[in-house]
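Chemist: Protein chains in written order, with our numbering: chain U, 1 to 340; chain A, 1 to 340; chain D, 1 to 337; chain X, 1 to 337. Backbone N, C-alpha and C fix where the C-beta goes; we use that ideal spot for every residue, glycine too.
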Amino acid sequence: MGGHEWRNEYAKKAASVMSEVSYSQALNMALREEMRRDPRVFCLGEDIKESTYGVTRGLYEEFGPRRVIGTPISETAIAGAALGAALVGMRPVAEFMYMTFMMSAMDQLVNQAAKMKYMFGGRALLPIVFRTMAGAGRSNAAQHTQSLETWFAHAPGLKVVMPSTPYDAKGLLKTAIRDDNPVIFIENKLLYATAKEQVPVAEYTIPFGQAAVRRTGEHVTIVGLQRMVEIALAAAAELASAGIEAEVIDPRTLVPLDLDTIVASVQKTHRLIVVHEAHERMGAGAEIIAQVVAHAFDYLDAPPQRIANPNVPTPFNRMLEELSIPSVAQVVAAVQSLLS
Amino acid sequence: MGGHEWRNEYAKKAASVMSEVSYSQALNMALREEMRRDPRVFCLGEDIKESTYGVTRGLYEEFGPRRVIGTPISETAIAGAALGAALVGMRPVAEFMYMTFMMSAMDQLVNQAAKMKYMFGGRALLPIVFRTMAGAGRSNAAQHTQSLETWFAHAPGLKVVMPSTPYDAKGLLKTAIRDDNPVIFIENKLLYATAKEQVPVAEYTIPFGQAAVRRTGEHVTIVGLQRMVEIALAAAAELASAGIEAEVIDPRTLVPLDLDTIVASVQKTHRLIVVHEAHERMGAGAEIIAQVVAHAFDYLDAPPQRIANPNVPTPFNRMLEELSIPSVAQVVAAVQSLLS
Amino acid sequence: MSTLPSAPSINREGLNDDQLRQFYVTMLRIRRFEEKVKELFLDARLYGSVHLYIGEEAVAAGACAALRDGDVISSTHRGHGHGIAKGLELGPMMAELMGKATGYNFGKGGSMHIASLDHGMLGANGIVAAGIPIATGAALGFWIRGSREVALCFFGDGGANHGAFHEGINFAATLKLPAIFLCENNHYAQYQPVTQDLPVSNVADRAAAYGIPGVIVDGADVLAVYAATRRAAERARAGEGPTLIEAKTYRFEGHFLGDPESYRAKEEVAAARTERDPLTRFATLLTQLGLAGAEDFQRYDDAVRQEVAAAVAFAESSPEPSPDLLLTDVYDVDGRA
Amino acid sequence: MSTLPSAPSINREGLNDDQLRQFYVTMLRIRRFEEKVKELFLDARLYGSVHLYIGEEAVAAGACAALRDGDVISSTHRGHGHGIAKGLELGPMMAELMGKATGYNFGKGGSMHIASLDHGMLGANGIVAAGIPIATGAALGFWIRGSREVALCFFGDGGANHGAFHEGINFAATLKLPAIFLCENNHYAQYQPVTQDLPVSNVADRAAAYGIPGVIVDGADVLAVYAATRRAAERARAGEGPTLIEAKTYRFEGHFLGDPESYRAKEEVAAARTERDPLTRFATLLTQLGLAGAEDFQRYDDAVRQEVAAAVAFAESSPEPSPDLLLTDVYDVDGRA
Ligand SMILES: Cc1ncc(C[n+]2csc(CCOP(=O)(O)OP(=O)(O)O)c2C)c(N)n1
Ligand SMILES: Cc1ncc(C[n+]2csc(CCOP(=O)(O)OP(=O)(O)O)c2C)c(N)n1
Ligand SMILES: [Mg+2]
Ligand SMILES: [Mg+2]
């Protein structure tokens, strides 16, 4: 069956069919659908044939060695090759196993990919997805644990996507692949296996720059990034039993950022807490607070707070590591202090 | 004359003697003094023998090829070699000509140097200075113009120093060389030649984490980073003629940050503006605002503001470039709007 | 340095008379363009970081002539010659150097970032060696599609010491991608003589580390560069993988406009100008072959000078980019930062 | 694969009987340690990303024996064997693997970051090839001081494709630094066979790109590794610069604990275990030389097993690091983040 017929059939069958999938399976669905849909889409990376976390599993078998390319341990070459391929009309999806490995490729990612369109006066399309995995919690220690969304959000020309659920993972990855800009697509170590939900088997995409309100409430706004949405929701559940209603917002994309949704929420709740796994200093929490303060200053009843990694590399010891990750208890305590 | 005698003599003669020097000459003095003082101090980099901007000029002639080492165009090797040398007891000063070139060395700078002490449980001294040059304004275009202090301030384990005057350049560089931690020492393209002042010929150092209040005032606090201190002072002068007294604070070091001085100022002025050349999004302005809001919320009469690069790569065209750099007019207008 | 081939024994590489003459004109176009750029810079009619290609013209001219439409190049900070040889027009190039709205990059790139994807010019590059993985990527794109284009990357001797060189070439070699890595060894990386940074005699010696051919050519001999590139391109199109070509060349001017050149002897430069000028050399050859005489050369020069003058006039009379452009082109579609 | 030398013709490299026996004991110490680590991991008494060195013991044991006190090594994610061979104690190593406060890194590093500067062990490393420029830097430090120490870097075949390999070795070669680059070619980089990523037959072939000697040794032959490293160290101490040694070896276990090993045939692993076990091989040699018999081997094994058991007991009875440690050691002196 050729790609086209297959697609029609698939679409017919799939309409309204849901399937319970994990976060990594959802990503796999997105890649498969997009690779079937557009022959210009291809994957490259160090681990993509075997795929330790399952995201690219089975793609090599379906699409073969020219669409699923295992590379040497050469992050600069991976990023540069993705960029060069995009310049001749391809739509690469490059994988960096751990986000820290992107440090080996920053020149190609930022001096080249992020700036190129601008430097060329707009005369280039750069439809590249740089997939990677961040987050803490798996005892990988400091060189395999770091959430670097700040670096990329600080590089104009890149979009930064951080899905927190299987549904979003699929829909946002499809949008990323169809976007004509370089996208840093950040997945999460723990969510791969732990996050599971019903996801449409059929085609859907999720636009960038639209936050999801995961829970509504009127007393405090909690913005959580990626896995911290879970933490925020757990804290909200706990707070609810004490009569405190927290609104939990998942920005889904950091660049572009849906500030309107956050500001509207703060205008209602008058209080803001941002929770993320990245280091606090220069983290996205600072940016979100600075923007909310600029746009909703008069609505704030208390100083916005941040809960984040306390500016330390991630320790190996699992108890210490756990202490370095924002906890439900921290969020609950912060809300209580904000309201007191 | 051996190093020791020389030093005594030098100290005697130099006491209280001042000399009018440029920013790059002041840096040169610091390097020379520290290299004479401590045989473990050495310099390496791509341009350090000839030294386009004069910072390392004459050092090769004085200290020879084992203390002033010209390297291949290999930023990863430069950073890694500095780190390795520090591990065996040396005190390297590594140069990256333009700050953007550090993107080629991020793994050694952040995965290795920044995290190493922590990963080793504290059992390592890493007395390394990574010198580089940032700032805009010289028509170098996007790949040679970017202020990346955010990235490094977001990497626990690194200190981040940004001198704005010749006096500070000398005193802070000496402190950086004597510090037992990796220090990102950011110099400024334009200040090299334009900033000149009387600097003591004798020994002095400037502690990290002590902001300088460059001008006192009671109506608004302007925090400026590096060359933006000049812009802030020019704006303050202009505002003074309209009866507005701005307090201008130069943090001098971003990590550690002298928050107390900033907070005390805001508690007096009730208004804050942060000015920097880096991109606004995720810039140091956000961090400073988030911290000030956390510590002086009740003192603020208006939302703190940022003036920064408007999230664009730096354009080549000099008029466009100029538009991308915070201007005196922008600062003046921001102050006026804050006070209105 | 190779001695001049005597006229009768020359291998024309299948090129006809006009094609041979065209080499000369391309080199001359680069030379006069660069001379004018220097003049304008010294007159403060042009600004920025400018690295001249004078002395190295045969490399770009020979290499690009061996490429076809659809083939692409990636380039360096010293990229004017590459652009001209790949067919970019002098007017928009000069306008870009002046930061004008009519430049290839609307004035937002300048000398180190000139690009024209329509011409297969994937960009000059301010970062040493960064064009190498990019060329590998273009070649990867061709290989995935199974099309027959080739990607050629110019880079300097200094670039051969950067990690991007190693990773980019190695990756291309593992997949036998249709790429050509052309090192312009002009004997200096900024102020450092190549002997100081390169612990082997030739950059081409490094080809063996990737299992690909390493070819050394006289970079002052446009035909030699053409021949080596053509063979590399054939190899690439045949699916046999990349080639590393090292063209031994010399830059007659400083590293950038403003370089005091304290690191090399004036005599060394003077000798190169006399003995290794690719234009003089090729003019002699054309004369020996009877393909051009004094009048022809005069005619070429007049035409090229006019072309350059027209480019300057175009650029100088062009408008500055509108201030709005500061915020555009960061992203596609929404277009704003 | 080299065949076993027959007893009479063996070159003892000037080593006495005890030194030869010591090779065996070191390898055995690594083997038993790693076996125990695997067991503990499968029992969930130890956690983290763990990469075992089983099968490769001769490389670390041979190489480190050729070093002196004061010499340093940098290592990889697969670093337990390097640490043991460099003289680190099993107790604090095991404690570090368990994240305990008595570990070399106070439990803050874990398997991939074990370091002990007192022993000249500059750290295992979670980043492929990152130890290479670090070793270059240590060698640079020695060279600046004019002292006679040597820095040796272990790295894998996969690491030879990273930019840090190129830059680190090239820089060391330009200054003739006292460095030894020792590639442990175990034929796989994670799941990729070396043949897929390396377009040449040997990593050592790359030495020519830096004008330094490239030496291939049988990584299952501890004496061969020792001999090659000793010669490289002599060269380095004599100011003649770095050497690239490639030890052909094989890992008997998966890439990490948990690897399903779908990328290689069980038979291949079984064959290696039979034919290329460095311990069996060296035991045979010691027996042939009359330096050890069955009882001795039993005695060694008992002693080493006891040592490992003591290390486990030490580690398991050690306290977890205090929560305060989360915020210390980010910076020196002020000590807090
Ligand atoms: C990664 C990086 N490091 C340093 C520089 C600064 N720089 C610009 S050109 C140059 C020398 C390049 O030498 P080579 O590659 O031989 O090219 P050439 O200038 O001789 O044409 C250097 C060091 C840079 N642009 N990029
Ligand atoms: C820069 C970087 N890229 C990728 C990885 C992930 N990774 C860890 S080990 C490994 C394979 C290493 O292979 P090799 O160098 O041959 O060492 P071996 O595991 O065989 O000992 C990879 C890809 C990493 N740690 N660092
Ligand atoms: Mg050169
Ligand atoms: Mg391996």
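My understanding is that A:E187 touches A:P166, with C-beta atoms under 8 angstroms, so please give their C-beta distance in whole angstroms.
Modeler: The Cβ separation is near 11 angstroms, so there is no contact.
Chemist: Hey, would you say X:H77 sits closer than 8 angstroms to D:G163, going by beta carbons?
Modeler: Cβ atoms of X:H77 and D:G163: not closer than 8 angstroms.
Chemist: With X:F154 as the anchor, note down where its beta strand (DSSP E) starts and where it stops.
Modeler: A151 to G156 is the span of the beta strand (DSSP E), which, as asked, contains X:F154.
Chemist: Determine the contact status of X:Y226 and X:A65, defining contact as a CB-CB distance below 8 angstroms.
Modeler: Cβ atoms of X:Y226 and X:A65: closer than 8 angstroms.
Chemist: When DSSP builds the beta bridges, which residues end up paired with U:R91?
Modeler: Bridge partners of U:R91: U:V41.
Chemist: Using a 10 Å radius around the Cβ and a threshold of 16 neighbouring Cβ atoms, would you call A:V248 buried or exposed?
Modeler: So A:V248 ends up on the buried side.
Chemist: Ligand 6 and U:I73: does any heavy atom of the ligand fall closer than 7 angstroms to the residue's C-beta?
Modeler: Because ligand 6 does not appear in the structure shown, any question about it cannot be addressed here, the ligands present being ligand 1, ligand 2, ligand 3 and ligand 4.
Chemist: Excluding five sequence neighbours on each side, which residues of the same chain lie with their C-beta closer than 8 angstroms to the C-beta of X:T3?
Modeler: Its pLDDT being 49, under 50, X:T3 is placed unreliably by the model, and the measurement read from it follows with that caveat. Excluding positions up to five away in sequence, the list is empty.
Chemist: Report the rounded CA-to-CA distance for D:P242 versus D:R299, giving the unit in angstroms.
Modeler: In a straight line, the C-alpha of D:P242 is about 39 angstroms away from that of D:R299.
Chemist: Please give the ranges of any alpha helix (DSSP H) in the segment 15-103 of chain X, keeping only runs that are unbroken, at least 4 residues long and fully inside the region.
Modeler: You should have 17-42, 57-65, 80-85 and 90-97.
Chemist: Within 10 angstroms of the Cβ of A:Q210, are there 16 or more other Cβ atoms? Answer buried if so, exposed if not.
Modeler: It counts as exposed.
Chemist: Rounded to whole angstroms, how far is the Cβ of U:I273 from the Cβ of U:A236, which I believe are closer than 8 angstroms?
Modeler: Actually they do not touch by this definition, with Cβ atoms about 11 angstroms apart.
Chemist: Please confirm if the segment 133-149 of chain D is in contact with the segment 174-188 of chain D, defined as three or more CB-CB distances below 8 angstroms between the two stretches.
Modeler: A contact exists between the segment 133-149 of chain D and the segment 174-188 of chain D.
Chemist: Would you say D:L182 reaches chain U, if we count a Cβ-Cβ gap shorter than 8 angstroms as a contact?
Modeler: Not an interface residue.
Chemist: Count the other C-beta atoms from every protein chain shown that fall within 10 angstroms of the C-beta of X:G14, then say buried if there are 16 or more, exposed otherwise.
Modeler: X:G14 comes out exposed.
Chemist: Strictly below 7 angstroms CB to CB, what residues from chain U border A:G157?
Modeler: Ordered by position in chain U, the residues that pass the 7 angstroms Cβ test against A:G157 are P313.
Chemist: Could you tell me whether the segment 109-124 of chain A touches the segment 111-120 of chain U, using the rule of 3 or more Cβ pairs below 8 angstroms?
Modeler: Segments in contact, no.
Chemist: Within the 8 angstroms Cβ cut-off, does A:M116 reach chain D?
Modeler: False, the Cβ-Cβ gap to chain D never drops below 8 angstroms.
Chemist: So which of A:V229, A:F152 and A:I184 has the shortest CA-CA distance to A:R131?
Modeler: Of the listed residues, the one whose Cα sits closest to A:R131 is A:I184.
Chemist: Can you list, in chain order, the residues of its chain with a C-beta nearer than 8 angstroms to that of D:L344? Leave out the 5 residues immediately preceding and following it.
Modeler: No answer is possible for residue 344 of chain D: the residues shown for chain D start at 1 and end at 337.
Chemist: Three-state secondary structure (DSSP) at D:D119?
Modeler: Here residue 119 of chain D is His; the residue named in the question, Asp, does not match the sequence. In this structure, D:H119 counts as helix in the three-state DSSP scheme.
Chemist: Looking at the strands, I want to know which residues DSSP matches up with D:D218.
Modeler: In the DSSP output, where bridge partners are listed per residue, D:D218 has D:K248.
Chemist: Counting contacts by CB-CB distance shorter than 8 angstroms, is X:S9 in contact with chain U?
Modeler: Cβ-Cβ to chain U under 8 angstroms: no for X:S9.
Chemist: Can you give me the start and stop residues for the alpha helix (DSSP H) that A:I231 sits inside?
Modeler: That run of the alpha helix (DSSP H) goes M228 to A240.
Chemist: Could you check whether D:L326 and U:R123 sit closer than 8 angstroms to each other, using their CB atoms as the reference points?
Modeler: Going by C-beta atoms, U:R123 is not nearer than 8 angstroms to D:L326.
Chemist: Ends of the alpha helix (DSSP H) at D:A163?
Modeler: The sequence given here places Gly at residue 163 of chain D; Ala does not occur at that position. Counting along the chain, the alpha helix (DSSP H) containing D:G163 begins and ends at G163 to L175.
Chemist: In terms of residue numbering, what span does the beta strand (DSSP E) encompassing A:K159 cover?
Modeler: Its beta strand (DSSP E) spans residues K159 to V161.
Chemist: Give me, in chain order, the residues of the same chain whose beta-carbon lies closer than 8 angstroms to that of X:P8; leave out the 5 immediate sequence neighbours on both sides.
Modeler: Low confidence applies to X:P8: its pLDDT is 49, below 50, so where it sits in the model is not reliable enough to give any reading.
Chemist: Just list the alpha helix (DSSP H) runs in the segment 179-244 of chain D, keeping only unbroken ones of 4 residues or longer that don't cross its boundaries, in chain order.
Modeler: Counting whole runs of 4 or more residues, the segment 179-244 of chain D contains the alpha helix (DSSP H) stretches 194-197 and 222-237.
Chemist: Suppose the cutoff is 7 angstroms on Cβ atoms and the five residues either side in sequence are ignored; what does the same chain contact list for D:A130 look like?
Modeler: Answer for D:A130: A164, listed in chain order.
Chemist: Is there a C-beta anywhere in chain U that falls below 8 angstroms from the one on A:P256?
Modeler: It does not: the Cβ of A:P256 has no partner Cβ on chain U nearer than 8 angstroms.
Chemist: Just tell me which of U:G157, U:S164 and U:L126 has its CA closest to the CA of U:M133.
Modeler: Here the closest residue by C-alpha is U:S164.
Chemist: Determine whether the Cβ of X:E246 lies closer than 8 angstroms to any Cβ atom of chain U.
Modeler: It does not: the Cβ of X:E246 has no partner Cβ on chain U nearer than 8 angstroms.
Chemist: With respect to 7 angstroms, is the separation between the Cβ of X:N186 and the closest non-hydrogen atom of ligand 4 below this value?
Modeler: Checking the Cβ of X:N186 against ligand 4 gives yes.
Chemist: A:D107 versus chain U: which residues are under 7 angstroms apart at the beta carbon?
Modeler: M103 and S104, listed in chain order.
Chemist: Got a sec, what are the start and stop residues for the alpha helix (DSSP H) D:A310 sits in?
Modeler: Taken as a continuous stretch (DSSP letters only), the alpha helix (DSSP H) holding D:A310 covers A294 to S317.
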